[in-house]
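Here is the structure we will look at.
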Amino acid sequence: MIIPGVEAELHKLPGFCEGSNALPYVQGQVNCKSFLGHKAVYRMCFATAAFFFLFGLIMICVRNSKDPRAAIQNGFWFFKFLILVGITVGAFYIPDRPFSHVWFYFGVVGSFLFILIQLILLIDFAHSWSQIWLRNADEGNSKSWYAGLFFFTFLFYAASIAAVVLLYIYYTKSDGCAEGKALISLNLIFCVIVSIVSVLPKIQVTALGLLQASIITLYTKYVTWSALANVPEKHCNPTLLVRMEGNQNGTAVGQQPTQWWDAPSIVGLVIFLLCSLFISIRSSDHAQVNKMMLTEESPAMLGGGSPVPEDGVHRAYDNEEDGVSYNYTFFHFCLLLASLYIMMTLTNWYTPDEAYRNLTSPWTAVWVKISSSWVGLFVYVWTLVAPLVLPDRDFS
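Right, here's the structure in full:
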């Protein structure tokens, strides 16, 4: 929806630019036609979010495949795609002004929750990484595994320090930008505290060293950078100046629509894809895969039967008669949040109404991202101290 060829076709849709005849970037205003891709992203992501919300409601309390609704989750693909297409087409005819303003705040809340999910996935990823390498080092009595852990821990901390320096250089000024200085400094202090806590002797009984802390620190620096890239003050935000310059050059000649791609957005999409890949791998249970593929560990083989019937035809095995492999409603809820996160990332957390005036995102975007980093750090610290606070609980 944002690439020039598609965005140019959106000009033909009725109602998108009614009541906005401002010339391109004259006296702080921008032609509505420059933001058609932006508005289309809102509508596309509204459609996917509404789709997943609908099916999340339908799948509440589905316990096993004996529930008739389980068949809807795992089949009827033609009708589900038809519903999604129908919602998408209808979304493009929603009146613009109230929709864009209200849906922005839905996107803010959903993105906040999804950033926390990303950080929890990173905590899980770092824990699994450390656990596997430490186990390999103990079993193989090889120092190379320890060297590898040290190298990546050092690399992540070095990148974090470099990020802090660059943030101070580019997103602060000696005579201003007090908010940026405070946010960078606070997150730096919090990351130092988290790293110290992770190596305390009592914590080390259940923790796995600094690798986890280094990954969380680097991710926190990314979230800080992403937040500062939304500061609506030109002299404190070089990313905003780049966006505005691209908009002026593109709309002045009438050849290119508004350019929304920048470094924070691209990095955010890459992290999103990596987290999606990790959760797919992490959620794969070998026992479930074996049952579905009818391998030697499947019930048919364990019972002494043959996985291939006498007629030689392979048949699917229902591995969810006793219980579903995953929570269907939570699955759709995560995809709903992912839709909102993608929407906010592709539009740089801008609202269409704000874009008409000054091409800046509100301070809301800054504080949502920063607060999500603080909550994420708290969650990480809790994973470290919880085994000490609740010794009778099994955290394995």
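So in the working numbering, spot 99 of the sequence shown is number 106, and the numbers just go up one at a time.
Beta carbons are placed, not taken as given, at the ideal position from N, Cα and C, and that holds for glycine.
Since this is a predicted model, take the numbers as computed values, not measurements.
{"Query": "Spatial distance of Met350 from Glu327 (CA atoms)", "Result": "34 Å"}
{"Query": "Val373 and Val171 closer than 7 Å at C-beta", "Result": "no"}
{"Query": "Simplified DSSP state of Lys73, which is helix, strand or coil", "Result": "coil"}
{"Query": "Three CB pairs or more closer than 8 Å across the segment 88-101 and the segment 340-354", "Result": "no"}
{"Query": "Trp152 versus Leu280 - alpha carbon distance", "Result": "27 Å"}
{"Query": "Delimiting residues of the alpha helix (DSSP H) encompassing Gly147", "Result": "103-147"}
{"Query": "Where the alpha helix (DSSP H) through His45 begins and ends", "Result": "43-65"}
{"Query": "Beta-ladder partner(s) of Gly183, from DSSP", "Result": "Lys180"}
{"Query": "Segment contact flag, the segment 59-67 with the segment 333-342, C-beta cutoff 8 Å, min 3 pairs", "Result": "yes"}
{"Query": "Straight-line Cα distance separating Gly216 from Ile210", "Result": "9 Å"}
{"Query": "Backbone CA spacing between Leu225 and Arg76 [nearest angstrom]", "Result": "42 Å"}
{"Query": "Separation of Phe159 from Ser149, as counted between CA atoms", "Result": "17 Å"}
{"Query": "At least 3 beta-carbon pairs within less than 8 Å: the segment 369-383 vs the segment 227-234", "Result": "yes"}
{"Query": "Check whether Phe62 and His339 have beta carbons under 7 Å apart", "Result": "yes"}
{"Query": "Per-residue DSSP class, three states only, for Phe159", "Result": "helix"}
{"Query": "Between the CA atoms of Ile223 and Val388 - distance to the nearest angstrom", "Result": "11 Å"}
{"Query": "Contact check, Ala133 vs Leu207, beta carbons under 7 Å", "Result": "no"}
{"Query": "Ala54 and Leu17 closer than 7 Å at C-beta", "Result": "no"}
{"Query": "Reference Leu344, options Val13, Gly44, Met8, Ala57, closest by Cα", "Result": "Ala57"}
{"Query": "Where the alpha helix (DSSP H) through Ile372 begins and ends", "Result": "Reading off the sequence, residue 372 comes out as Ala, not Ile. Unbroken alpha helix (DSSP H) run through Ala372: 370-396."}
{"Query": "Assigned secondary structure, Met8 (DSSP; H/G/I helix, E/B strand, else coil)", "Result": "coil"}
{"Query": "Local Cβ density within 10 Å of Ala294, reported as buried at 16 or more and exposed below that", "Result": "Here the model assigns Ala294 a pLDDT of 47, short of 50, so the residue's position is not dependable, and the following value carries that caveat. Ala294 should be labelled exposed."}
{"Query": "Cys341 in three-state terms, based on DSSP", "Result": "helix"}
{"Query": "Buried versus exposed, by CB contacts within 10 Å (16 or more), Leu43", "Result": "buried"}
{"Query": "Spatial distance of Thr227 from Ser380 (CA atoms)", "Result": "6 Å"}
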